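Chains A and B, in that order, give the protein sequences. Start counting the first sequence at 237; every next residue gets the next number (our numbering). Start counting the second sequence at 4; every next residue gets the next number (our numbering). Quick reminder that beta carbons are idealized off the backbone N, C-alpha and C, glycines included. The structure displayed is predicted, hence computed values, not measured ones.
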Amino acid sequence: MRADRFYDPRETLDHDALRSLQLERLRWSIAQAARSPHYARAFADRGLSADSIRTLDDLRRFPLTSKQDLRDSYPFGFLAAPREAVVRMHHSSGTTGMAVAVFHTQHDVDVWAQLVARSLYMVGLRRGDVFQNMMSYGLFTGGLGLHYGAERIGALVIPSGAGNSRRQIELMRIFRTTALHIIPSYAMALLGTFDEMGLDPRAELSLRFAVAGAEPYTEGVRKRLEETWGADFYNCYGLSEMQGPGVAFECPEKNGLHLWEDAYLAEVIDPETGEPREEGEEGELVLTTLAREAMPLIRYRTRDLTSLLPGPCPCGRTHRRIARIQGRTDDMFIVKGVNIFPLQIEQVLMSMPQVGSNYLIVIDRDGYADRLTVRVELTANAFLGSIEQVNALRATIAERLRQEILVRPRVELVEPGTLPQSEGKAMRVIDTRKDEPGP
Amino acid sequence: MIEQLAIFSENKPGRLERITSALADAGVNIRAIQVASLGDMGVIKLVVDRPDDAYRALGAPAAIRKIPCVAVRVPDRPGALRDVAAVLSRAGVNIENASGFPTSGGEAVLILEVADVAAAEKILADAEFRVLDEADFEATVA
Numbered sequence: 237m238r239a240d241r242f243y244d245p246r247e248t249l250d251h252d253a254l255r256s257l258q259l260e261r262l263r264w265s266i267a268q269a270a271r272s273p274h275y276a277r278a279f280a281d282r283g284l285s286a287d288s289i290r291t292l293d294d295l296r297r298f299p300l301t302s303k304q305d306l307r308d309s310y311p312f313g314f315l316a317a318p319r320e321a322v323v324r325m326h327h328s329s330g331t332t333g334m335a336v337a338v339f340h341t342q343h344d345v346d347v348w349a350q351l352v353a354r355s356l357y358m359v360g361l362r363r364g365d366v367f368q369n370m371m372s373y374g375l376f377t378g379g380l381g382l383h384y385g386a387e388r389i390g391a392l393v394i395p396s397g398a399g400n401s402r403r404q405i406e407l408m409r410i411f412r413t414t415a416l417h418i419i420p421s422y423a424m425a426l427l428g429t430f431d432e433m434g435l436d437p438r439a440e441l442s443l444r445f446a447v448a449g450a451e452p453y454t455e456g457v458r459k460r461l462e463e464t465w466g467a468d469f470y471n472c473y474g475l476s477e478m479q480g481p482g483v484a485f486e487c488p489e490k491n492g493l494h495l496w497e498d499a500y501l502a503e504v505i506d507p508e509t510g511e512p513r514e515e516g517e518e519g520e521l522v523l524t525t526l527a528r529e530a531m532p533l534i535r536y537r538t539r540d541l542t543s544l545l546p547g548p549c550p551c552g553r554t555h556r557r558i559a560r561i562q563g564r565t566d567d568m569f570i571v572k573g574v575n576i577f578p579l580q581i582e583q584v585l586m587s588m589p590q591v592g593s594n595y596l597i598v599i600d601r602d603g604y605a606d607r608l609t610v611r612v613e614l615t616a617n618a619f620l621g622s623i624e625q626v627n628a629l630r631a632t633i634a635e636r637l638r639q640e641i642l643v644r645p646r647v648e649l650v651e652p653g654t655l656p657q658s659e660g661k662a663m664r665v666i667d668t669r670k671d672e673p674g675p
Numbered sequence: 004m005i006e007q008l009a010i011f012s013e014n015k016p017g018r019l020e021r022i023t024s025a026l027a028d029a030g031v032n033i034r035a036i037q038v039a040s041l042g043d044m045g046v047i048k049l050v051v052d053r054p055d056d057a058y059r060a061l062g063a064p065a066a067i068r069k070i071p072c073v074a075v076r077v078p079d080r081p082g083a084l085r086d087v088a089a090v091l092s093r094a095g096v097n098i099e100n101a102s103g104f105p106t107s108g109g110e111a112v113l114i115l116e117v118a119d120v121a122a123a124e125k126i127l128a129d130a131e132f133r134v135l136d137e138a139d140f141e142a143t144v145a
């Protein structure tokens with residue numbers, strides 16, 4: 237039984253064994269990191285080395301690493317392996333000064349595939365499944381990242397990549413795709429294509445589940461996706477600086493994501509002060525790689541907001557869970573002096589069946605005052621025929637949003653299917669204040 | 004009883020053109036039109052000769068609703084609407100919305116939105132007004 241439920245015996249290591257494996261690997265990872273120009277300097281300046289690590293808590297003596305550090309050391313400042321040992325690199329979309337390159341040895345690529353295989357097996361992928369990977373292949377890690385893990389399990393992988401909605405649906409139909417990897421906003425967008433083609437995904441596909449990641453989304457969006465697609469949706473977390481997707485992954489309990497603690501060491505900190513947060517308290521996730529050769533990262537600030545969930549998971553895996561990502565520290569915007577995260581707005585909108593799943597947040601200035609506008613589609617079924625009804629709905633949405641974000645936004649209801657759809661990560665926030673001189 | 008179509012639309016240039024083009028392409032004839040707008044939003048109400056075809060032509064994903072209405076055929080002369088309104092008001096029926104158009108035979112058709120269409124039709128029929136069903140309406144406007 238046990239062998240069938242778990243892909244990898246490390247998933248169920250007991251607490252002590254897992255912590256001692258982490259300690260051993262942490263010492264190795266610090267030593268490995270010290271081979272890179274950046275960490276060689278950073279550690280030497282502070283008199284730190286692998287010997288500074290006696291317990292896992294000693295990691296807190298080490299400095300945090302930021303994305304800006306990666307940018308400043310572009311392209312090779314964090315490379316800890318000889319160039320000829322590097323077999324793959326991924327790269328951010330930023331221009332020089334903003335760009336980040338991430339390197340992998342063959343060992344790194346293998347560990348990554350193993351973590352992904354473990355994750356996909358956990359949600360039910362098996363030999364014989366057809367896994368359609370609707371993520372962009374190339375410099376972005378979403379495509380290749382899950383590809384090798386699914387192949388390792390022995391599933392048939394369709395590397396369909398991003399976009400081309402009608403072909404995606406045709407492939408799903410003809411080859412009886414049983415599992416998907418997809419960006420959640422694209423999963424929403426595809427529903428429009430199903431409509432155009434006159435197909436019902438619940439009736440005419442063989443889909444059992446989808447893995448949705450690469451952008452944060454709310455539980456409300458998951459519920460809508462599961463209802464409309466008629467399949468389970470599992471949350472997948474990763475970032476290219478660590479490897480890509482498969483750093484943490486939801487199990488069938490759908491209550492938090494198991495962070496693979498044999499490969500990553502997690503901390504949650506107060507993003508302002510850097511002080512550690514208690515279990516269950518939200519803060520910024522900070523990760524240390526434990527198994528990467530080419531580019532070990534020590535105490536890397538992910539800018540993702542989450543919390544470590546207390547208690548064991550009924551699924552039997554011992555790796556601690558993180559909560560669904562609540563947003564990113566750099567997604568936050570400030571309107572009239574109030575901090576707002578886009579996912580707070582999404583959460584309110586998804587609780588209202590009268591509005592669609594696509595939305596846009598626009599921030600501009602009205603004279604010297606900030607102005608926040610939320611644009612959302614009225615669903616076809618919610619329209620009862622009068623302007624008064626639509627206007628009352630608009631007022632209700634504005635009031636619910638005010639209760640959540642403490643600012644009353646302007647709400648614009650638009651016709652179904654008219655907000656721009658994206659095939660990649662959705663653009664949800666347009667802030668034009670930066671383009672104008674401030675007050 | 005006849006059905007009027009209500010269509011939710013942003014109040015933007017080109018929206019009415021898009022809707023009426025779809026109807027023209029489907030060969031649907033518009034008998035009466037009303038536009039209610041509130042800032043950036045609007046609702047367009049249409050009485051057409053073939054509501055089911057119109058509904059299909061405007062189709063998904065539009066927000067569109069069929070609204071049951073009372074259609075009454077009256078002489079095209081001053082006071083005709085007053086007579087209808089008087090009967091309904093005596094019976095305590097509120098007219099929520101109304102439109103109308105003359106026919107080619109020197110008569111007019113009034114379209115009335117009320118809360119209880121069947122009740123209003125009975126009141127008008129009892130007062131000897133000519134209440135139109137779908138088939139009568141088609142014949143009148145054909």
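DSSP bridge partner residues for I10 (chain B) (one or two, in chain order):
B:I47, B:I67.
Please compile the residues from chain B whose C-beta is within a distance smaller than 8 Å of the C-beta of A616 (chain A).
A63, P64, A65, A66, I67
Could you tell me which uninterrupted beta strand (DSSP E) segments, each at least 3 residues in length, are contained entirely in the stretch 319-394 of chain A, listed from first to last along the chain?
Qualifying beta strand (DSSP E) stretches, in chain order: 322-327, 337-341, 366-369, 392-394.
Which residues share a DSSP beta bridge with N471 (chain A)?
A:A448
How big is the Cα-Cα spacing for E477 (chain A) and D602 (chain A)?
If you take the alpha carbons of E477 (chain A) and D602 (chain A), they lie about 39 Å apart.
Shorter than 7 Å, the distance from the beta carbon of A29 (chain B) to the closest heavy atom of the ligand FMN, or not?
Judged by which ligands are present, the structure shown has none, so any question about the ligand FMN falls away.
Could you check if D119 (chain B) is buried or exposed, using at least 16 other CB atoms within 10 Å of its CB as the buried criterion?
exposed
Less than 8 Å between CB atoms is the rule here; does D294 (chain A) satisfy it with respect to chain B?
no
Within chain A, the residues that F132 (chain B) reaches when beta carbons sit closer than 8 Å
Those within 8 Å of F132 (chain B) in chain A number zero; the least Cβ separation is about 25 Å.
Given I641 (chain A), which residues of its chain have a CB within under 6 Å of its CB, disregarding the five upstream and five downstream residues?
I576, Q580
How long is the line joining the alpha carbons of E260 (chain A) and P532 (chain A), rounded to whole angstroms?
15 Å
Express the C-alpha separation of T538 (chain A) and P182 (chain A) in angstroms, rounding to a whole number.
Outside the shown range of chain A (237 to 675) lies residue 182 (chain A), about which nothing can therefore be said.
Return the CA-CA distance between G674 (chain A) and V598 (chain A), expressed in angstroms with no decimal places.
Only weak support exists for where G674 (chain A) lies, its pLDDT of 44 falling under 50; the value from the coordinates is given anyway. Computed Cα separation, rounded: 17 Å.
Could you have a look at D250 (chain A) and say whether DSSP puts it in helix, strand or coil?
In the three-state scheme derived from DSSP, where H, G and I count as helix and E and B as strand, D250 (chain A) is classed as coil.
Curious, which full-length alpha helix (DSSP H) runs of at least 4 residues does the stretch 586-647 of chain A contain?
623-641
Contact with chain B by V643 (chain A), beta-carbon distance below 8 Å:
no
First through last residue of the beta strand (DSSP E) which encompasses P245 (chain A):
Premise fails: P245 (chain A) is in no beta strand (DSSP E) and is neither H nor E.
So what does E520 (chain A) bridge to, in DSSP terms?
A:I505, A:L541
State the beta-bridge partners of A147 (chain B) as determined by DSSP.
Given that chain B is displayed from residue 4 to residue 145, the structure contains no residue 147 (chain B) and the question cannot be resolved.
With contact counted as at least three CB pairs below 8 Å, one residue from each stretch, are the stretch 314-325 of chain A and the stretch 564-576 of chain A in contact?
no
What's the call for D344 (chain A), buried or exposed, on a 16-neighbour Cβ count within 10 Å?
buried
Opposing strand residues paired with Y500 (chain A) [DSSP bridges]
A:T525
Less than 6 Å between C-beta atoms, sequence neighbours within five positions excluded: which residues of the same chain meet that for I633 (chain A)?
V647
Going by the DSSP bridge assignment, what does A101 (chain B) pair with across the sheet?
B:L115
Evaluate contact between the stretch 70-79 of chain B and the stretch 644-659 of chain A, counting only Cβ atoms and requiring at least three cross-stretch pairs below 8 Å.
no
Beta carbon proximity, E13 (chain B) to chain A, threshold 8 Å
yes
Using 8 Å as the limit for Cβ to Cβ distance, is I623 (chain A) near chain B?
yes
Pick helix, strand or coil for E486 (chain A), following the three-state DSSP scheme.
strand
Would you say L127 (chain B) and I5 (chain B) are within 8 Å of each other, going by their C-beta atoms?
Contact flag unset, no.
Is it buried or exposed, Q368 (chain A), if we count other Cβ atoms within 10 angstroms and call 16 or more buried?
buried
Go ahead and label H251 (chain A) buried or exposed: buried means 16 or more other beta carbons lie within 10 angstroms of its beta carbon, across all protein chains shown.
exposed
Please tell me whether V322 (chain A) and A530 (chain A) are closer than 8 Å, where the distance is taken between their beta carbons.
yes
Contact check, V338 (chain A) vs K303 (chain A) under 8 Å by CB: the rounded distance?
About 12 Å separates the two Cβ atoms, so there is no contact after all.
By Cβ distance below 7 Å, which residues in the same chain neighbour E124 (chain B) in space, the five residues on each side in sequence not counted?
M4, V73, V134
CB-CB under 6 Å to S593 (chain A), same chain, minus the five flanking residues each way: which ones, in chain order?
Result list for S593 (chain A): M424, R460, in chain order.
Which class does A269 (chain A) belong to by DSSP, given the choice of helix, strand or coil?
helix
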